[in-house]
Amino acid sequence: MNHTLESLAQLFGRASRKPKKEELSPAAQKMYFYKKGQKVTKAQLQELHDEHHKNSKNKWRKRRWLTLIAINLLFVVSFFLDIQLLEGALTASRFMGFHMADLNSALQVMLAHKQVLINLLIGVVTVLIMWIILGGRTFCSWVCPYHLLAEWAESLHLWLAKRGLAKNYTFHRGVRSVFYVIFALLAIVTGYTVFEFISPTGILSRALIYGPTLALIWVAFLLLFEVFLSRRAWCRYVCPIGITYGLVGVISPLRVTYDMTDCKHEGDCRAVCLVPHVLDLTIKNRSTEIEVPLGADCTRCGLCVDACPTSSLNFEFKGLTHKPEKEELPTMPDSGSAKQEQPEAKDNTNSEEPK
Amino acid sequence: MNDSKTDAKKKNITRGPGRRAQEARRQFLRSVGLTVGVTGISLLGFVPLKGDATTRLKMRPPGALVEDDYLASCIKCGQCVQVCPVNAVKLDDLDTGFGLGTAYIDAREQACDFSCDGLQCVLACPTGSLTHTLDYTHDTRMGFAVLDKPKLCLAVAGKGFKGLARGPDYDGLLRYEEIDRWNPIPLNEYPYDVEICDLCVQACPIEQRYNQCQDGKYPSGDQNQCPPERAIGLELIEEKNGVRHMKPVIYDGCVGCGVCEMICPTAEPSIIIDYNKLTKRPLSEQYIAKSKSGGHS
Numbered sequence: 001m002n003h004t005l006e007s008l009a010q011l012f013g014r015a016s017r018k019p020k021k022e023e024l025s026p027a028a029q030k031m032y033f034y035k036k037g038q039k040v041t042k043a044q045l046q047e048l049h050d051e052h053h054k055n056s057k058n059k060w061r062k063r064r065w066l067t068l069i070a071i072n073l074l075f076v077v078s079f080f081l082d083i084q085l086l087e088g089a090l091t092a093s094r095f096m097g098f099h100m101a102d103l104n105s106a107l108q109v110m111l112a113h114k115q116v117l118i119n120l121l122i123g124v125v126t127v128l129i130m131w132i133i134l135g136g137r138t139f140c141s142w143v144c145p146y147h148l149l150a151e152w153a154e155s156l157h158l159w160l161a162k163r164g165l166a167k168n169y170t171f172h173r174g175v176r177s178v179f180y181v182i183f184a185l186l187a188i189v190t191g192y193t194v195f196e197f198i199s200p201t202g203i204l205s206r207a208l209i210y211g212p213t214l215a216l217i218w219v220a221f222l223l224l225f226e227v228f229l230s231r232r233a234w235c236r237y238v239c240p241i242g243i244t245y246g247l248v249g250v251i252s253p254l255r256v257t258y259d260m261t262d263c264k265h266e267g268d269c270r271a272v273c274l275v276p277h278v279l280d281l282t283i284k285n286r287s288t289e290i291e292v293p294l295g296a297d298c299t300r301c302g303l304c305v306d307a308c309p310t311s312s313l314n315f316e317f318k319g320l321t322h323k324p325e326k327e328e329l330p331t332m333p334d335s336g337s338a339k340q341e342q343p344e345a346k347d348n349t350n351s352e353e354p355k
Numbered sequence: 001m002n003d004s005k006t007d008a009k010k011k012n013i014t015r016g017p018g019r020r021a022q023e024a025r026r027q028f029l030r031s032v033g034l035t036v037g038v039t040g041i042s043l044l045g046f047v048p049l050k051g052d053a054t055t056r057l058k059m060r061p062p063g064a065l066v067e068d069d070y071l072a073s074c075i076k077c078g079q080c081v082q083v084c085p086v087n088a089v090k091l092d093d094l095d096t097g098f099g100l101g102t103a104y105i106d107a108r109e110q111a112c113d114f115s116c117d118g119l120q121c122v123l124a125c126p127t128g129s130l131t132h133t134l135d136y137t138h139d140t141r142m143g144f145a146v147l148d149k150p151k152l153c154l155a156v157a158g159k160g161f162k163g164l165a166r167g168p169d170y171d172g173l174l175r176y177e178e179i180d181r182w183n184p185i186p187l188n189e190y191p192y193d194v195e196i197c198d199l200c201v202q203a204c205p206i207e208q209r210y211n212q213c214q215d216g217k218y219p220s221g222d223q224n225q226c227p228p229e230r231a232i233g234l235e236l237i238e239e240k241n242g243v244r245h246m247k248p249v250i251y252d253g254c255v256g257c258g259v260c261e262m263i264c265p266t267a268e269p270s271i272i273i274d275y276n277k278l279t280k281r282p283l284s285e286q287y288i289a290k291s292k293s294g295g296h297s
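Heads up: the sequence lines are chains U and C, in that order. Each residue of the first sequence is one higher than the last, beginning at 1 in the working numbering. Each residue of the second sequence is one higher than the last, beginning at 1 in the working numbering.
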């Protein structure tokens, strides 16, 4: 229950904090105490990092991009070939005849129109159940076409920022919750689905299926803003779709789980994450348990799972995977089997922040 | 001396504990700016609206609720676009503000000829923006035909028409029941040759149904498909100055489908659909009442 509330507060924008010592479970305290005694040099960390990235195949990112492209292509192909497999767009559709409605678009329509038609309700319930099972914000990273473009824009942003050609102005994360309330109120008061007018998700989905529109200029503007001024600004600070699906994710059994046992606290995961606050518990002395699921704001994109050199972050389906399965550590091929006998050997850290 | 003091102060702020507070303040101000900016941009959607709940931005597909309710309820998915056999339904762009992504019909480009017979777009609509209370084509009210430019009208001028209604390059579709009951064909594959131009009357889907019913051949074998009233006919008119000529006259059965506007062979269409005007008769009042109540019982 406590975890649920924490997860919600984080979703709405509360900054993470350092837990008091008494809040840590005895097991966690013991583990942190044990880790304190170890020393790891910067060179060792760098080696670990390099080794991992040499072997890393970006497994989850590949799967995710393929899924995202396949789903969006299915819409396009279905209409283009007139095979009626997946009709409509991301805002509302029919999959082999079954109604599906995007939760946020449906919410905006219900608030603006103040009526609920049975077909829309069927679509909402179907999609709600689907995303409860699949993780909530999984929609963002595995389906939303803007997410993919923003990811590419992010790479460009990081490349430019490294060379001092782009800035990363941050905003208070709570501003997304403010937007959520504003767009809900605007829909109720004006009677128009105001957010849909600027939603890059809807604009892109329709442009893919029905052909390009002038509205793509707005999407291009957003991407430019993110490239030059603020990393992933739309998804991080504005998009209400993220909160809607985040709320669904609170009760989802599919999530990424953190196991601190082998963690070096070096912060590789936070460096790649869209919502790094969900990974703040990987900072030393932040996790209250040995094993903790990440908060609902996590988009289950798997970038951290790919990035983690010690396989401390893993996908988990509560009740199905009892312990997150650990793969052979590709980072330390020579110690892969030896790991079991003497984990102490390299379990050290002295750095908390990524860079 | 003064300068060096303030410099020192500045340095203190950027280095000392005040730095965090300063950055937090800046971040807060930026966040306020972002809120105002994005909200402001989202409200630009109001600009093209007419400020009148019923005035349409464009001609809407069959069964569309009154404009305000239509814009409120449309989820902008385009399922109506996908099912239309003649591709009459299109989606609006940024220039219509909150109309972005909603469905419209440009009758001159491609009118709704009801060749689906079953109002597929209405059936496809997941939100009831196209009201599900419609059962038959003659129940719809997309607008009302108006002889906009009688001076251009060939019938009024006593002229006939020979050739392709819209020329060889026009790519619109129309169903000709005698050619193919199920598949509409390109308009430019069907040449006309008439002594007095009556293309608008010939092509009118409501008139065609009405005539079939008069002959006892009900559309799809269903008597309920019969329109209760005629939609358009060529009448002999006598002007005040005694000049007599033919003229297309629109009757209350007109549903505003736009086929007359599409097929009109004059360079500019003589006859157009006024999509803000419906028939004066009780039928359309009923329709407005239905769509105002959301159309759902």
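The beta carbon of each residue, even a glycine, is placed where N, CA and C say it ideally should be. In this text the structure is predicted, and so the values were computed from the model without any measurement.
In whole angstroms, what separates the C-alpha of residue i from that of residue j?
i                  : j                  : result
Thr-257 of chain U : Val-278 of chain U : 11 Å
Glu-195 of chain C : Leu-187 of chain C : 20 Å
Tyr-180 of chain U : Cys-204 of chain C : 48 Å
Asn-104 of chain U : Phe-80 of chain U  : 26 Å
His-99 of chain U  : Thr-310 of chain U : 43 Å
His-172 of chain U : Gly-13 of chain U  : 7 Å
Val-189 of chain U : Leu-71 of chain C  : 14 Å
Leu-130 of chain C : Ser-25 of chain U  : 58 Å
Thr-201 of chain U : Arg-17 of chain U  : 32 Å
Val-143 of chain U : Val-238 of chain U : 18 Å
Ser-42 of chain C  : Thr-102 of chain C : 16 Å
Arg-270 of chain U : Lys-284 of chain U : 13 Å
Glu-316 of chain U : Asn-168 of chain U : 32 Å
Pro-333 of chain U : Asp-268 of chain U : With a pLDDT of 38 at Pro-333 of chain U, under the threshold of 50, the modelled position of this residue cannot be trusted; read the value that follows with caution. Looking at the two C-alpha atoms, the distance is approximately 19 Å.
Val-81 of chain C  : Ile-75 of chain C  : 13 Å
His-138 of chain C : Asp-215 of chain C : 18 Å
Ala-145 of chain C : Cys-260 of chain C : 8 Å
Gln-120 of chain C : Asn-211 of chain C : 23 Å
Ala-64 of chain C  : Ile-232 of chain C : 23 Å
For the candidate residues the options, whose alpha-carbon lies nearest to that of residue i?
i                  : options                                    : result
His-147 of chain U : U:Thr-193, U:Val-178, U:Leu-204            : U:Leu-204
Leu-29 of chain C  : U:Phe-195, U:Ser-199, U:Phe-197, U:Val-175 : U:Val-175
Arg-356 of chain U : U:Thr-170, U:Ile-209, U:Glu-316            : Only positions 1 to 355 of chain U appear in this structure, which leaves residue 356 of chain U out of reach.
Thr-39 of chain C  : U:Phe-197, U:Thr-213, U:Leu-158, U:Trp-131 : U:Phe-197
Gln-110 of chain C : C:Gln-120, C:Ala-267, C:Lys-90, C:Lys-277  : C:Lys-90
Cys-308 of chain U : U:Leu-120, U:Val-194, U:Gly-211, U:Glu-51  : U:Glu-51
Leu-94 of chain C  : U:Pro-240, U:Trp-218, U:Leu-254            : U:Trp-218
Thr-244 of chain U : U:Leu-107, U:Gly-295, U:Asn-2, U:Lys-35    : U:Leu-107
Leu-186 of chain U : C:Gly-45, C:Arg-141, C:Arg-60              : C:Gly-45
Met-246 of chain C : C:Asp-135, C:Cys-200, C:Thr-133            : C:Cys-200
Leu-229 of chain U : U:Glu-266, U:Ala-153, U:Leu-216            : U:Ala-153
Glu-177 of chain C : C:Ala-124, C:Ser-220, C:Ser-73             : C:Ser-220
Leu-224 of chain U : U:Leu-281, U:Leu-160, U:Ser-177            : U:Leu-160
Assuming residue i contacts residue j (C-beta within less than 8 Å), just tell me the rounded distance between them.
i                  : j                  : result
Gly-258 of chain C : Ile-273 of chain C : 5 Å
Gly-128 of chain C : Leu-117 of chain U : 4 Å
Lys-217 of chain C : Tyr-192 of chain C : Actually they do not touch by this definition, with Cβ atoms about 23 Å apart.
Pro-265 of chain C : Ala-155 of chain C : That belief does not hold up - the Cβ atoms of Pro-265 of chain C and Ala-155 of chain C are roughly 11 Å apart, past 8 Å.
Gly-246 of chain U : Ala-296 of chain U : 5 Å
Pro-126 of chain C : Asn-55 of chain U  : Contact doesn't hold; Cβ gap of about 47 Å is too wide.
Gln-225 of chain C : Tyr-104 of chain C : About 26 Å; that fails the 8 Å criterion.
Where DSSP assigns a beta bridge to residue i, which residues make up the other side?
i                  : result
Met-96 of chain U  : Met-96 of chain U is not bridged to any residue.
Lys-162 of chain C : C:Asp-193
Tyr-146 of chain U : Note: Tyr-146 of chain U sits in no beta bridge, so no partner.
Lys-90 of chain C  : C:Tyr-104
Asn-241 of chain C : In the DSSP output, where bridge partners are listed per residue, Asn-241 of chain C has none listed.
Classify residue i as buried or exposed, calling it buried when 16 or more other Cβ atoms lie within 10 Å of its own Cβ.
i                  : result
Leu-99 of chain C  : The displayed chain sequence assigns Gly, not Leu, to residue 99 of chain C. By the 10 Å Cβ count, Gly-99 of chain C comes out buried.
Met-96 of chain U  : exposed
Phe-183 of chain U : buried
Val-221 of chain U : A small fix is needed here, since residue 221 of chain U is Phe in this sequence, not Val. Under this definition Phe-221 of chain U is an exposed residue.
Glu-328 of chain U : With a pLDDT of only 42 at Glu-328 of chain U, under the threshold of 50, the placement of this residue in the model should not be trusted; the figure read from the coordinates follows. With fewer than 16 other Cβ atoms within 10 Å, it is exposed.
Lys-318 of chain U : exposed
Gln-109 of chain U : Before going on, a small fix: residue 109 of chain U reads as Val here, not Gln. Per the 10 Å Cβ criterion, buried.
Asp-102 of chain U : buried
Gln-79 of chain C  : buried
Lys-35 of chain U  : buried
Leu-208 of chain C : Note that residue 208 of chain C is Gln in the sequence shown here, rather than Leu. It is buried - the Cβ of Gln-208 of chain C has at least 16 other Cβ atoms within 10 Å.
Within 6 Å: the Cβ of residue i and any heavy atom of the ligand MN?
i                  : result
Thr-138 of chain U : By its list of ligands, the structure shown contains no ligand whatsoever, and the ligand MN lies outside what it can speak to.
Can you give me, in chain order, the residues of the region 109-127 of chain U that have a beta carbon less than 7 Å from any beta carbon in chain D? In the structure shown, chain D cannot be found, because the protein chains are U and C.
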